[in-house]
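Here is the structure we will look at, set down as structure tokens.
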Amino acid sequence: MTTPRPSGDLPGHDDHAGLCPNPACGKYVQFNLCNPVSRSSGHQQRGDLQLWPTYNEAAPTSGFHTPDGILLTVWQCPVCKETAVVFEHRTAGRSHRLLAWPRRTPREVDPAVPEEIRSLFAEGSEAEHAGALRAAAAMYRATVEKLCADRGATKGGLKAQINALKEQGTVEDSVVDDLHEARLLGNWSLHDALEFSAHEVADVADLIHEALFEVYVQPAQRAAMREARRNRRDNHRAGETEPT
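Here it is in structure tokens:
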């Protein structure tokens, strides 16, 4: 399964620069083209294969064999030395690239977040990684709606519900701003038919993830630490003996 990313993020036939997809690196670099051994000749060739309309190892200087073609290319990051495999589809001089490897996995949220909210967020993340960005925007907006309902903010539209969270003292101002970003992304994607980039959708997903952490995960962690301290105290007292 390929992972859609903006073409400008990935190296291609005409431009070897891009963002390293290795999560531990992520730097913007000038990729090196790997040189695998040709299956047919045994000699080293360019690190790309023409997959369509015919399957061929691309000659070192030939580039695409036809105006329309698909290449499978192996690139190496000069910083972390990890490799990436990119599908590149070139049509009438235009290039569209997809990351084939390393495979991206959908985002996950902590089990401290209510299951219905986690389910909506997971669906949004799966849609995002499948390249269905409008569907992702809709599901991320639905995640915020469910968060508001879970915290008792159900009156009015979503804008009023998010603002109600602030009035309740449920969330910080920064979290309110993040939730509004998710609301607007969904509104503009669905109602105004705007097409947002993968970067923009991913940014909103990160904002929601952080909001869920602050609303659910962090309080649960703090409660667990308080309980652990109480248990330690109780166990200590239970071990004490009455003075004679």
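Numbering-wise, UniProt numbering puts 129 at position 129 of the sequence shown, and it's gapless, one number per residue.
Idealized CB from N, CA, C, for every residue including glycine.
Collapsing the DSSP output to three states places N22 in coil. A check of alpha carbon separations from E214 across D110, L10 and G12 identifies D110 as the nearest. The beta carbon of T170 sits closer than 6 Å to the beta carbons of R151 from its chain, once the five residues preceding and following it are set aside; these are given in chain order. Ranked by Cα distance from D206, the first of S189, A137, C25 and L33 is A137. P78 is positioned such that its CB atom lies closer than 7 Å to that of V29.
CA-CA distance, H209 to G239, rounds to 43 Å.
The residue among A198, E116 and E145 with its C-alpha nearest the C-alpha of A127 is A198. Apart from the 5 residues on each side of it in sequence, Q168 sits with its Cβ closer than 8 Å to the Cβ of R151, G152 and A153 in its chain, given in chain order.
Taking 7 Å as the cut-off, the Cβ atoms of R94 and V86 do not count as close. The shortest CA-to-CA distance from A84 to any of F31, G156 and R237 is the one to F31.
When rounded, the separation of the alpha-carbon atoms in N22 and K155 is 44 Å.
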